[in-house]
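Written below as structure tokens is the structure these notes are about.
Number of protein chains: 2
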Amino acid sequence: MRILIVEDDPLHRSYLHEAVRAALPECDTILEAENGHAGEVQARKSRAEHVVMDLQMSERNGIEAARTIWRERPDTKILFWSNYSDEAYVRGVARIVPEGATYGYVLKSTSEERLKLALRGVFMESQCVIDREVRGIQQKSLGNAHGLSDAEYEILVDVALGLTDKAIAQRKKLSLRSVQNRLQQLYEKLDVYEVPGGGSEGWYNLRMRAVAVALLRKVLNASALERAERELRNSGGN
Amino acid sequence: MRILIVEDDPLHRSYLHEAVRAALPECDTILEAENGHAGEVQARKSRAEHVVMDLQMSERNGIEAARTIWRERPDTKILFWSNYSDEAYVRGVARIVPEGATYGYVLKSTSEERLKLALRGVFMESQCVIDREVRGIQQKSLGNAHGLSDAEYEILVDVALGLTDKAIAQRKKLSLRSVQNRLQQLYEKLDVYEVPGGGSEGWYNLRMRAVAVALLRKVLNASALERAERELRNSGGN
DNA sequence: CCAAAATTTGCGGGTTCCCGCAGGACAAGA
DNA sequence: TCTTGTCCTGCGGGAACCCGCAAATTTTGG
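Protein sequences, first through last, are from chains A and B.
Sequential numbering of the first sequence, starting at 0, is according to numbering that gives the first Met the number 0.
Sequential numbering of the second sequence, starting at 0, is according to numbering that gives the first Met the number 0.
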């Protein structure tokens, strides 16, 4: 049994190494990579079927690396080990996990015990192990009280990239008006109208404010933006 | 000699603890805090004059903590120890350093050697120790080829918060037109006009695109936005 | 001190955005 | 089938944005 560790912080990497060794004595070789790209290469070369990896790394982040790994071998078991439980990350992971794949999502702040349990659960028992906090985010993002539908999220990302309504309409093959409708739904779901000072109107540029709120609430984050930007650029714009 | 460590990651905290113990044998007590707020409290209580602290922590980040610490005792020596060298962080730190204070800024990825050197340099020799990469960012942000002036940066932040031109004019006590002028400068300095696909016009909403580019280039980041948002809210909007 | 350079401000217009209103398209259920 | 609900679409107008032009003001440098 071989395990691949993808993590850029050396301290965390060696901590993980120890945890794996302790939790999975049946594991005979532990491979390491220090960024997403190296992780992909290693995974391809070693055919490792068990990967534990960090999100937010430089040089290709965890989500992108996971996507290409899963594209090549969809039965790979991946345990995500992240600092944050931003909705953007949770959504990003959910978006790329293949049909029936087993994976886990635990926070770096969890106890060593829980990390070891997750390691065994995902790699030995083929369970999906998701931390409580992360689960909480998942729920919230689905509970449509304040949660955005996928369609709305897509629009939000396009807006955040700086595209005009017209450009978005073209990309998404919708009429101009439909795009604007979805935008208004966004403006309601994020509390864009709430004004800091007095109740004066016209304080906010709604389109920009929506993105600001999404960033503050971690519905969006820089990493998601980077991914979207790259996608935009090599899809040639439309 | 007492040293206060403010760092939320337990691994990094203990690593720092070790490094301090090794680099500064004359240090007799090492205090620890696990977020910015606790750090402020500890600093106030212990009157520590030497602080090493992380940026990006939950529950009040390093910049805010440093600001209140320096406000109370401007001669405190602070060594910032951060994962990233985002322009937003570098600028944020530079913005709050008091006249003549000594501080340092090293990345978590630097060698143990350099960390120890920085510890001695800042705390014993009262030098300002800034990592090469960080210095590089500093230069770039000043070299006005692509670097934003302080005025432009301020506007950028206000725009990113979602304020309208009019609102910004009011806050900054400028005319509407001046705000728009500064915006146009922004649009030029960030390459807002560059289009992905063909040379079609009207592809970008410039105001939004400027913020997107700033985020992608790390001129802005979520942490800076949070700070600005809080400031906006308790300045009552104007 | 004056001249050059940079900023600020007003005006005017073309464009985009924001959104109420209202008419279609399509699916679910009585 | 008819209703109800949801979504897409077009129209129209008021507000905000983007920006060229030019005068007024401030700053800089000699």
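Glycine included, every Cβ here is placed at the ideal spot set by N, Cα and C.
8 Å Cβ cutoff met for residue i and residue j
i, j, result
"Leu155/B", "Ala87/B", "no"
"Val218/B", "Leu147/B", "yes"
"Lys165/B", "Leu173/B", "no"
"Val194/A", "Trp202/A", "yes"
"Asp27/A", "Met56/A", "no"
"Ala32/B", "Leu78/B", "no"
"Ser81/A", "Lys115/A", "no"
"Arg90/A", "Tyr152/A", "yes"
"Leu10/B", "Leu15/A", "no"
"Arg113/B", "Val105/B", "yes"
"Gln41/B", "Leu54/B", "no"
"Gly38/B", "Val5/B", "yes"
"Glu17/B", "Asn34/B", "no"
Under 8 Å by beta carbon: chain A residues contacting residue i
i, result
"Glu228/B", "Ala211 and Leu215"
"Ala221/B", "Leu214, Leu215, Lys217, Asn220 and Ala221"
N- and C-terminal bounds of the alpha helix (DSSP H) containing residue i
i, result
"Glu112/A", "Glu111 to Phe122"
"Ala213/B", "Leu205 to Leu215"
"Val158/A", "Asp149 to Leu160"
"Lys76/A", "Looking at the DSSP string, Lys76/A is not in any alpha helix (DSSP H); the run it does join, the beta strand (DSSP E), is Lys76 to Ser81."
"Glu132/A", "Arg131 to Leu141"
"Val89/B", "Glu86 to Ile95"
"Val194/B", "No alpha helix (DSSP H) holds Val194/B; DSSP gives it neither H nor E."
"Arg66/A", "Gly61 to Glu71"
"Arg43/A", "Gly35 to Ser45"
"Lys165/B", "Asp164 to Lys171"
Under 7 Å from the C-beta of residue i: neighbouring residues of chain A
i, result
"Pro97/B", "Within chain A, no residue comes near Pro97/B; the closest Cβ sits about 29 Å away, beyond 7 Å."
"His11/B", "Leu10"
"Arg208/B", "Gly161"
Option nearest residue i by Cα separation, candidates the options
i, options, result
"Val158/A", "Ala18/A, Arg59/A and Leu205/A", "Leu205/A"
"Leu189/B", "Ser177/B, Met207/B and Gln169/B", "Met207/B"
"Thr67/A", "Asn82/A, His36/A and Asn233/A", "His36/A"
"Glu111/B", "Ala93/B, Arg20/B and Leu231/B", "Arg20/B"
"Arg229/A", "Val50/A, Ile29/A, Asn60/A and Ala47/A", "Asn60/A"
"Val50/B", "Arg232/B, Leu141/B, Met123/B and Leu214/B", "Met123/B"
"Ala211/B", "Trp69/A, Glu187/A and Leu160/A", "Leu160/A"
"His145/B", "Ala168/B, Val178/B and Ala213/B", "Ala213/B"
"Glu48/B", "Trp69/B, Ile62/B, Arg12/B and Glu58/B", "Trp69/B"
"Glu25/A", "Leu118/A, Asn233/A and Lys139/A", "Leu118/A"
"Asp8/B", "Ile62/B, Gly120/B and Met52/B", "Met52/B"
"Glu63/B", "Asp149/B, Ile167/B and Val96/B", "Val96/B"
"Ile167/A", "Ser13/A, Leu231/A and Arg43/A", "Leu231/A"
"Ser222/A", "Glu200/A, Val178/A, Ser45/A and Ser84/A", "Ser84/A"
"Ser234/A", "Gln169/A, Tyr186/A, Glu187/A and Ala150/A", "Gln169/A"
"Leu23/A", "Arg12/A, Val121/A, Asp149/A and Lys171/A", "Val121/A"
Chain A residues whose Cβ lies nearer than 9 Å to that of residue i
i, result
"His16/B", "Near His16/B there are no residues of chain A at all, since even the closest Cβ is about 13 Å away, more than 9 Å."
"Asn204/B", "Val158, Gly161, Leu162, Thr163, Asp164, Ala166, Arg206 and Met207"
Enclosing beta strand (DSSP E) for residue i [first to last residue]
i, result
"Glu17/A", "Element bounds for Glu17/A: not the beta strand (DSSP E) but the alpha helix (DSSP H), Pro9 to Ala22."
"Gly103/B", "Tyr102 to Leu106"
"Leu189/A", "Element bounds for Leu189/A: n/a, residue is neither H nor E."
"Val218/A", "From DSSP, Val218/A is part of no beta strand (DSSP E); its letter is neither H nor E."
"Glu31/B", "Thr28 to Ala32"
"Asn49/B", "One point to set straight first is that residue 49/B is His, not Asn, in the sequence displayed. Looking at the DSSP string, the run of the beta strand (DSSP E) that includes His49/B is His49 to Met52."
Per-residue contacts from residue i into chain B (C-beta, under 8 Å)
i, result
"Gly165/A", "The sequence shown places Lys at residue 165/A, rather than the Gly named in the question. Those within 8 Å of Lys165/A in chain B are Gly201."
"Glu225/A", "Leu215"
Chain B contact residues for residue i, given Cβ-Cβ distances below 7 Å
i, result
"Val158/A", "Met207"
- Message: Quick test of the definition: if touching needs 3 or more C-beta pairs under 8 Å, does the stretch 63 to 78 of chain A touch the stretch 129 to 136 of chain A?
- Response: no
- For the 8 Å Cβ check, are there 3 or more pairs between the stretch 210 to 230 of chain A and the stretch 180 to 193 of chain B? no
- Message: Three or more C-beta pairs under 8 Å: does that hold for the stretch 123 to 131 of chain B against the stretch 87 to 105 of chain B?
- Response: yes
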